[in-house]
Amino acid sequence: MNLHKNILNVLLAGTILLTSATFSMKACAKDMPYEPVFENVPISESINSAAKTEIAQPKTSSMTPVEHIAATTTTTPATAASSPEDHSLQSALLQLDSAQTELRNQLIQYKNEYATLDSQYQNLARQRSDKNKQIKETEKKIKNLESTKEKIRKNMD
290 MNLHKNILNV
300 LLAGTILLTS
310 ATFSMKACAK
320 DMPYEPVFEN
330 VPISESINSA
340 AKTEIAQPKT
350 SSMTPVEHIA
360 ATTTTTPATA
370 ASSPEDHSLQ
380 SALLQLDSAQ
390 TELRNQLIQY
400 KNEYATLDSQ
410 YQNLARQRSD
420 KNKQIKETEK
430 KIKNLESTKE
440 KIRKNMD
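Using our numbering, the first residue of the sequence shown is number 290, and each one after it goes up by one.
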């Protein structure tokens, strides 16, 4: 009974996981054509001289936006290795990588400084505790001496 319950729970969790992964893949899919109604050229395309003339003189065609997207995606390759956009994206990625490396080095430095301060704090806390014990012992000795003095004075009278 318990084994069947566990198997059903695992199957249910797997189904939920696969369903959510499918929906997230559909929602975040890369290379999907995107063209708002008011744009002539899809954002994912690089603008070349033919596209510039299309923008300057829009055609009055009877193509629907979906047909226009299909036509432009088949005529223009989406992955042009030498496009300026790719170079700018690669340089942006390199800048992000270098910034991440700098931050990680800074994190290591901060952790080392923290460890040094933590050890100093522990030493100071130990020294403080030792001084507090010395103070308590000294106060106790003074109290004992005063009580002894009082006893002697009472005996003298």
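Think of the CB as a built atom: it goes at the ideal place given N, C-alpha and C, for glycine as much as any other residue. Quantities reported herein were computed from a predicted structural model and do not represent experimental measurements.
(message) For a test of the three-state rule: what should DSSP assign to methionine 290, helix, strand or coil?
(response) In the three-state scheme derived from DSSP, where H, G and I count as helix and E and B as strand, methionine 290 is classed as coil.
(request) Return helix, strand or coil for aspartate 446, following the three-state DSSP convention. (result) DSSP places aspartate 446 in coil when its eight states are reduced to three.
(request) In angstroms with no decimal places, state the Cα-to-Cα distance between isoleucine 431 and lysine 422. (result) Distance between the alpha carbons of isoleucine 431 and lysine 422: 14 Å.
(message) Tell me the rounded alpha-carbon separation between glutamate 402 and serine 418.
(response) Going by the C-alpha atoms only, they are around 24 Å apart.
(message) Please report the distance separating the alpha-carbon of leucine 307 from that of histidine 293.
(response) Taking C-alpha positions only, leucine 307 is separated from histidine 293 by approximately 21 Å.
(request) Note down the Cα distance separating aspartate 386 from leucine 392, rounded to an integer number of angstroms. (result) If you take the alpha carbons of aspartate 386 and leucine 392, they lie about 10 Å apart.
(request) Could you name the residues of the same chain whose beta carbon sits closer than 6 Å to that of methionine 445, not counting the 5 residues immediately before and after it, in chain order? (result) Taken in chain order, the list of residues that qualify is empty.
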